[in-house]
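Asker: In our numbering, the protein residues as written are 451 to 889.
Note that the Cβ used here is the ideal one computed from N, Cα and C, for glycine as well.
Below you will find the structure I want to go over with you.
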């Protein structure tokens, strides 16, 4: 009898890991399994598979060391960043990342340079660059991924894409999602076929994001007046008295239309999303892709040197879209931009006009709502509402705050979530004031 393998997983001790078993690898793999067990999937990702990451991706990765180690590197970085630590100061992370890069360089010179393992490894490295804030790295990996897909040719296993196996559907969904990630980071529409339900370059043109920012002055054009009349009163009043670009106004109108569609289908058609990015394979996912398109548009807008008010407003809009998509725990893809919100928004000064004050109150509450979806609070997350309470006295009473919030984008479910986040923050404030008074 041969001895039982000691290099297996906690989930399956009879499986041998493709890389050396260390304490870091075991703990990180546990993290991966735990995270994947908590994900609910859209049926279109893999119709016949309940949990594609554990039932499809993990078994495949166990047969391909390069992909498995890239998953370990991504999860290790996620754990470190969630603790407020730098991944590049961790020896284990540096070693795993280096091993993956070295192995990928060798693989790209082989006959298997565009197989599924190679493509998925690049998506893992792309994730890694995104999590660590290297947007240039995301851009370069996205370009490399495009070239690899071009070299490989059609991904489908046969002439009928509808007959694809669950594995191929999972791979194609992932690649589409990572092109969406590249679009979100760079603000550029990715190279996705025009038949795709989202991320068409025409959308950027419709929002005038292919042109320099234009700030309209009175008297506004008839078309712009019609657009403003369809916005929530808080946004229309802000646009009339503040420096808001026509591109931002167009984006607000598109978000308003997307929210209307969600309001119509909220009770019956909303189903779980598989993560930050989803597949364009079902009617539900067409709504998800529309929101992703708007997220990319807002990122594009942020790269066009907008006014500081528009920057703060975009934080609130991105956060609102996160919550409109799904009021559920956020995964690691959200962390980089949430950290950006925490580092910038709590430092804004109080504007002079009531309209600008109110939109910053709404943006702060929206960002706090997104942060409130984290299972473990991010370091500094409390500063968003702490700053709001300090600057705006009306935000300390829910009845007054609710009236302000309802002048902008909201849904009943999101408003209830915000109230819970607000109550927690007010309780924290009361506790700190009590401690201060007693000291």
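In angstroms, rounded to a whole number, what distance separates the CA positions of residue 839 and residue 845?
Answerer: 6 Å
Asker: Suppose you measure from the CA of residue 806 to the CA of residue 688; what does that come to, to the nearest Å?
Answerer: 6 Å
Asker: Reducing DSSP to helix, strand and coil, say where residue 797 ends up.
Answerer: helix
Asker: Using three-state DSSP, classify residue 884 as helix, strand or coil.
Answerer: helix
Asker: How about residue 777 and residue 867: are their beta carbons less than 9 Å apart?
Answerer: yes
Asker: Whole angstroms are fine: how far does the CA of residue 557 sit from the CA of residue 435?
Answerer: Within the shown structure, residues of the chain are numbered from 451 to 889, placing residue 435 beyond reach of any answer.
Asker: Determine whether the beta carbon atoms of residue 567 and residue 514 lie at a separation below 9 Å.
Answerer: Going by C-beta atoms, residue 567 is nearer than 9 Å to residue 514.
Asker: Three Cβ pairs or more, each shorter than 8 Å: is that satisfied between the region 471-490 and the region 589-603?
Answerer: no
Asker: Rounded to a whole number of angstroms, what is the C-alpha to C-alpha distance between residue 655 and residue 691?
Answerer: 26 Å
Asker: Let's see if you can read the secondary structure: which residues bound the alpha helix (DSSP H) around residue 764?
Answerer: 758-775
Asker: For residue 578 versus residue 533, is the C-beta distance shorter than 9 Å?
Answerer: no
Asker: Since residue 529 is in the alpha helix (DSSP H), which residue starts that stretch and which ends it?
Answerer: Counting along the chain, the unbroken alpha helix (DSSP H) around residue 529 starts and ends at 515-532.
Asker: Considering only the alpha carbon of each residue, which of 851, 510, 738 and 741 lies closest to residue 620?
Answerer: 510
Asker: Need the endpoints of the alpha helix (DSSP H) that residue 507 sits in, please.
Answerer: No alpha helix (DSSP H) contains residue 507, which DSSP labels as neither H nor E.
Asker: Which value, in whole angstroms, describes the spacing of the CA atoms of residue 507 and residue 576?
Answerer: 17 Å
Asker: Report yes if the C-beta distance between residue 574 and residue 536 is below 9 Å; otherwise report no.
Answerer: No, Cβ-Cβ distance for residue 574 and residue 536 is not below 9 Å.
Asker: Of all the options 658, 817 and 828, which has the alpha carbon lying nearest to the alpha carbon of residue 855?
Answerer: Of the candidates 658, 817 and 828, the one whose C-alpha sits nearest the C-alpha of residue 855 is 817.
Asker: Under 8 Å, with one C-beta from each stretch per pair, do the region 775-793 and the region 756-764 reach the 3-pair mark?
Answerer: no
Asker: For residue 720, which three-state DSSP category applies?
Answerer: With a pLDDT of 44 at residue 720, under the threshold of 50, the modelled position of that residue is not reliable, and no figure is offered here.
Asker: Using CA coordinates, which residue listed in 769, 796, 634 and 878 is at the minimum distance from residue 824?
Answerer: 769
Asker: Classify residue 738 as buried or exposed, calling it buried when 16 or more other Cβ atoms lie within 10 Å of its own Cβ.
Answerer: With 16 or more other CB atoms across the displayed protein chains lying within 10 angstroms of its CB, residue 738 is buried.
Asker: Looking at C-alpha atoms only, which residue of 791, 826 and 858 is the closest neighbour of residue 835?
Answerer: 791
Asker: In angstroms, rounded to a whole number, what distance separates the CA positions of residue 476 and residue 880?
Answerer: A straight line joining the alpha-carbon of residue 476 with that of residue 880 spans about 42 Å.
Asker: Which of the three DSSP states, helix, strand or coil, is assigned to residue 546?
Answerer: helix
Asker: Between the Cα of residue 588 and the Cα atoms of 470, 603, 473 and 572, which residue gives the shortest distance?
Answerer: 572
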